[in-house]
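Single-structure report; data block below.
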Amino acid sequence: MRRFLSTVLLTLPLLTACRDAKVETYRIAKETDAPPPDANTAPATGGGMSGMPVDRAEGRALTWTAPAHWTSKAASSMRKATYVLTGASGVTAELAITAFPGDVGGDVANVNRWRGQLGLPPVEAAELPALLHRSETHGLAITVVDLAGVKQENTQRMLGAIVPFEGATWFFKLTGADALVATEKANFLTFVQSIQPGPTSASAPAAATPTPAPAPAADMASTPVPNAAGPSLTWTAPADWQAKPASAMRKATFLVPAPGGGTFELAITAFPGDVGGELANVNRWRGQLGLQPLADADLAGAVTHLSANGLSFTLVDFASAPAGQSKRMVGAMVPFGGATWFFKLLGPDAAVAAQKPAFLAFLQTVKAL
Amino acid sequence: MAAFFRSLRDLLVSLKLTVVLLVLGMILVFVATIDQVHLGVWAVQQKYFRSFIVYAQIGGFSVPMFPGGYLIGGVYFLNLIAGHIYRFKLGWRKSGILLTHAGFILLLVGELLSGLWQEDFQLRLSPGETKNYSESSRAIELAFVNTTDPKFDEVVAIPEGLLAKEGSVQNPKLPFRVVIKHYYTNSMVQMRTAAPAAAPAEATAGFGAQLAVIPLAPTYKEDERNLPSVLVELLGPDGSLGTWLASMHLVAPQEIAVAGQTWKIALRSKRAYKPFSLTLVKFSHDRYPGTEIPKNFSSKIHITTPDGRDDRDVLIYMNNPLRYQGLTFYQAGFENNDRTTILQVVRNPSWQLPYIACAVMTLGLLIQFGIHLVGFVGKRRNLSSATA
Chain A
24 MRRFLSTVLL TLPLLTACRD AKVETYRIAK ETDAPPPDAN TAPATGGGMS GMPVDRAEGR
84 ALTWTAPAHW TSKAASSMRK ATYVLTGASG VTAELAITAF PGDVGGDVAN VNRWRGQLGL
144 PPVEAAELPA LLHRSETHGL AITVVDLAGV KQENTQRMLG AIVPFEGATW FFKLTGADAL
204 VATEKANFLT FVQSIQPGPT SASAPAAATP TPAPAPAADM ASTPVPNAAG PSLTWTAPAD
264 WQAKPASAMR KATFLVPAPG GGTFELAITA FPGDVGGELA NVNRWRGQLG LQPLADADLA
324 GAVTHLSANG LSFTLVDFAS APAGQSKRMV GAMVPFGGAT WFFKLLGPDA AVAAQKPAFL
384 AFLQTVKAL
Chain B
1044 MAAFFRSLRD LLVSLKLTVV LLVLGMILVF VATIDQVHLG VWAVQQKYFR SFIVYAQIGG
1104 FSVPMFPGGY LIGGVYFLNL IAGHIYRFKL GWRKSGILLT HAGFILLLVG ELLSGLWQED
1164 FQLRLSPGET KNYSESSRAI ELAFVNTTDP KFDEVVAIPE GLLAKEGSVQ NPKLPFRVVI
1224 KHYYTNSMVQ MRTAAPAAAP AEATAGFGAQ LAVIPLAPTY KEDERNLPSV LVELLGPDGS
1284 LGTWLASMHL VAPQEIAVAG QTWKIALRSK RAYKPFSLTL VKFSHDRYPG TEIPKNFSSK
1344 IHITTPDGRD DRDVLIYMNN PLRYQGLTFY QAGFENNDRT TILQVVRNPS WQLPYIACAV
1404 MTLGLLIQFG IHLVGFVGKR RNLSSATA
């Protein structure tokens, strides 16, 4: 009996000792690497697309001319450029331009990756030529593919162009609702014909090689986030602020006049939940200005609070260095109806400073619809 | 020696020990509940209950502060068993108490087994995507994958526990020694061009040289996760192969060629490979017509095994998990505009034990109170018949 007890007493710690961390080795079937990240297949490990520095193709860039009605969006570190196309009844499609070193697996792999994003089965190499339309323009070999998803309620369609250029592969991918993409196909093909090598100098035009945006955890611009579709807020904007049509990503956009002429934007967005919490949101904004993230302890000193109409706003006011030509952001976030609403005024330092009182007065008008 | 064992026995069977352990247990639960505010439920379980000793950080040192759940529970378990063996008398009057205690012992054992065996992983699938592994939502690993052989990949995975120790790891499968220089439990990674003020890069090879790592305070919130980064130097037989940065922020693995072999390096969620593959055929998020109110979430999954024994579709929806090869797949969530499904993959061979334990305890208490009630009623009847 005693021996039994002492044995039990001694083996109990041993039982749990096997939980200790050990190096594991095992053999698995051959794995193909994840395809180059794409906004539609963003893994949700916490970081958004732009948080992942991928080996992007640097070097000489391509340039192009986009139709006037395509709206250019802020570039992210993943994308060479992004355009938003808005159709009737507010439907949108997006053109994403990316570039990666090498051939990224070749045409079969690239087309099949796109097919996968539309829920289509992969094709064999032999079936490929029938799907591809090859052309040549400005000394570039351009491969265009037109893929429509499985017919269903809101079928997605994709127009893609693959352009190998100086050891890298450029991808132009237009995705959106079937009907809209179909009507834009002619524009897309014209656009594709406008693609040409950029100037040889290191400083390529800004439109073609946007500087990589500083990218903390999640970049709203390129990560498909479900918009908060719950109860809504309403507001009264000053008369000289010009409202722009709402987009899929934005609740509202206002063009705010700068004192010396020109305009800058007030963007209003809403996302479900707390979008990572106050600190994450403040640090994302700081990242957009190229500022260092704050520690948790510094947060309280960096924000101010404002209460209006039963809403509690958290306000920030940041300016990027160097002073003088720097950018400034006055932002407000407010939790409402299970979502977080963001009001972001971003523009040249002096202009934003001049409009700050108007912005604060505007926030006083925000209330539940 | 005999005297030692006798005193050990006296200690083990003592009821005073039981009371002390119960009080210690209550204090532990109280303190852990308070600390949950700072650490969150998962970290509290690990620190207070799934440990032998609770340590506190005082001036950079780990100081043992209090017996942990395993120690209190373990000694309590021994105390219960020893007490019963020592004082054991078979008789129906004690049957209720015996059953109640047996149920309690089962509960303790069940908790220990859950702590040891439970696996709680996640599986994210986009339409058409096939995976033969699930990923932990918390644990991470530094994976070295040898892709040289055209038929299979060889994986060497270093768990978080070893990375955090910042020591060095040698494995017969690896053609280099891994020296862990820095491990950041939570971090942010920025392009150096965007963070000119960052300290000079420690990484000398791979993407790491262009990136700045900014350590962040670990988060314990339920809805956040830490995104670790690690700096490792690889030492081959002919000297250093460079210092590499691996981070959860990097999606694509980095490649290194050593001695005619190609290795891939990635810090990733801990993976559990399965002897079968799952493909997402379709994820559906049905809403009540004309509203945004969810009606049903379901994932149509195709299971295949390499031996061809299974090649079929299954439908997983709320309250209807797939139970397959000892694992349970629950519909846990979705993301990416209703395209990607998130399945919870749970293995807990002892999940029934708490239910059985509670049933046994209930039965024991019913019997015990029943015996007393019958005795009491009998006594009253005798008393009233005697006075009548």
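Sequence order for the protein chains is A and B.
Count the first sequence with this note's numbering and you get residues 24 to 392, in order.
Count the second sequence with this note's numbering and you get residues 1044 to 1431, in order.
Glycine residues also receive a C-beta, built at the ideal position from the N, C-alpha and C atoms.
Measure from the C-beta of B:Y1316 to each C-beta in chain A and report whether the shortest distance is under 8 angstroms. It does; some Cβ of chain A falls within 8 angstroms.
Under a three-way DSSP split, which group does B:Q1233 fall into? Here B:Q1233 sits in strand by DSSP.
Sequence-distant residues of the same chain with beta carbon closer than 8 angstroms to A:A230, five excluded per side: Bear in mind that the predicted position of A:A230 carries a pLDDT of just 38, short of 50, making it unreliable; the figure below should be weighed with that in mind. So the list reads T86, S95, A104, once near-sequence residues are dropped.
Please confirm if A:I185 has its CB atom under 8 angstroms from at least one CB of chain B. No Cβ of chain B is located within less than 8 angstroms of the beta carbon of A:I185.
Contact belief for A:M356 with A:F341 at Cβ below 8 angstroms, rounded distance in angstroms: The pair is not a contact, with the Cβ atoms about 13 angstroms apart (cut-off 8 angstroms).
Under a three-way DSSP split, which group does A:A373 fall into? It is helical.
When DSSP builds the beta bridges, which residues end up paired with B:Q1374? Answer is B:L1386, bridged to B:Q1374.
6 angstroms Cβ shell around A:P280 - same chain, five flanking residues per side excluded: Listed in chain order, the non-local C-beta contacts of A:P280 below 6 angstroms within the same chain comprise D263, T286, local neighbours out to five positions each way being set aside.
May I ask which residues mark the beginning and end of the alpha helix (DSSP H) holding B:F1164? Here B:F1164 belongs to no alpha helix (DSSP H); instead the beta strand (DSSP E) covers 1162-1168.
Using a C-beta to C-beta distance shorter than 7 angstroms, which residues of chain B count as neighbours of A:E54? Here the neighbours are D1196.
Have a look at the DSSP bridge pairing and note the partners of B:Y1360. According to DSSP, B:Y1360 bridges with B:S1341, B:N1363.
In whole angstroms, what is the alpha-carbon distance linking B:E1184 and A:V375? Looking at the backbone, the Cα of B:E1184 and that of A:V375 are separated by about 46 angstroms.
Residues that DSSP places opposite B:P1201 in a beta bridge: In the sequence as presented, Pro is not what sits at residue 1201 of chain B; that position holds Ile. For B:I1201, which the question treats as bridged, DSSP gives the partners B:L1185.
Assuming the contact rule is C-beta atoms closer than 8 angstroms, B:L1259 and B:N1229 should be a hit. Round their C-beta distance to whole Å, please. Right, the Cβ-Cβ distance comes to about 4 angstroms (below 8 angstroms), so this counts as a contact.
Candidates B:S1327, B:P1318, B:R1382: closest to B:S1169 by CA position: Closest option to B:S1169, Cα to Cα, is B:R1382.
Taking only beta carbons into account, state which residues of the stretch 1071-1098 of chain B come closer than 8 angstroms to chain A, listed in chain order. Listed by position, the residues of the stretch 1071-1098 of chain B near chain A (Cβ gap below 8 angstroms) are F1095.
Please compile the residues from chain B whose C-beta is within a distance smaller than 8 angstroms of the C-beta of A:P371. Simply none; closest approach about 20 angstroms.
B:I1077 lies in the alpha helix (DSSP H); which residues open and close that run? Here the alpha helix (DSSP H) through B:I1077 covers 1058-1087.
For B:I1115 versus B:G1068, is the C-beta spacing smaller than 8 angstroms? It is a contact, given that the beta carbons lie within the stated cut-off.
Taking the straight line between their C-alpha atoms, what separation do you get for A:R180 and A:G110? Spanning the two alpha carbons is a distance of roughly 14 angstroms.
Less than 8 angstroms between the beta carbons of A:A161 and A:I120, yes or no? Position check: residue 161 of chain A holds His in this sequence, whereas Ala was assumed. A:I120 is positioned such that its CB atom lies no closer than 8 angstroms to that of A:H161.
Can you grab the Cα-Cα spacing for the pair A:G310 / B:S1327, in whole Å? Straight-line measurement puts the Cα of B:S1327 at about 36 angstroms from the Cα of A:G310.
Using a Cβ-Cβ distance cut-off of 8 angstroms, determine whether B:P1337 contacts chain A. B:P1337 does not count as touching chain A.
Every unbroken beta strand (DSSP E) within the stretch 166-203 of chain A, with a cutoff of 3 residues, ordered by chain: Unbroken beta strand (DSSP E) stretches of 3 residues or longer found wholly inside the stretch 166-203 of chain A: 179-188, 191-200, given in chain order.
Contact list for A:D49 against chain B, beta-carbon separation under 9 angstroms: Inspection of the sequence shows that residue 49 of chain A is occupied by Tyr rather than by Asp. Those are E1197, V1198, V1199, A1200, Y1316, listed as they occur along chain B.
Hey, quick one: how far does the beta strand (DSSP E) through B:W1306 stretch, first residue to last? Counting along the chain, the unbroken beta strand (DSSP E) around B:W1306 starts and ends at 1304-1330.
Going along the chain, which residues of its own chain have a beta-carbon closer than 7 angstroms to the beta-carbon of B:L1060, five neighbours each way excluded? So the list reads L1054, N1122, once near-sequence residues are dropped.
Do you know how far the Cα of B:K1422 is from the Cα of B:A1429? The alpha-carbon atoms of B:A1429 and B:K1422 are separated by roughly 10 angstroms.
I need the straight-line Cα distance from B:V1118 to B:I1148, nearest angstrom please. The alpha-carbon atoms of B:V1118 and B:I1148 are separated by roughly 12 angstroms.
Indicate the three-state DSSP secondary structure (helix, strand or coil) for A:W264 in the structure shown. Coil, per DSSP.
State whether the stretch 1325-1344 of chain B contacts the stretch 1387-1405 of chain B, with contact taken as three or more CB pairs (one from each stretch) at a distance under 8 angstroms. With a cut-off of 8 angstroms, the stretch 1387-1405 of chain B and the stretch 1325-1344 of chain B do not count as touching, because too few Cβ pairs lie within range.
Does any residue of chain B have a CB that is nearer than 8 angstroms to the CB of A:A191? Not one chain B Cβ lies under 8 angstroms of A:A191.
Per DSSP, A:T286 is paired with what? DSSP lists A:P280 as partners of A:T286.
Where the beta strand (DSSP E) through A:F341 begins and ends: Where A:F341 is concerned, the enclosing beta strand (DSSP E) stretches over 334-342.
Tell me, please, whether the CB atom of B:L1288 is closer than 8 angstroms to any CB atom in chain A? Not a single C-beta of chain A is nearer than 8 angstroms to the C-beta of B:L1288.
Compute the distance between the beta-carbons of B:G1112 and B:R1130, then report whether it is under 8 angstroms. Cβ atoms of B:G1112 and B:R1130: not closer than 8 angstroms.
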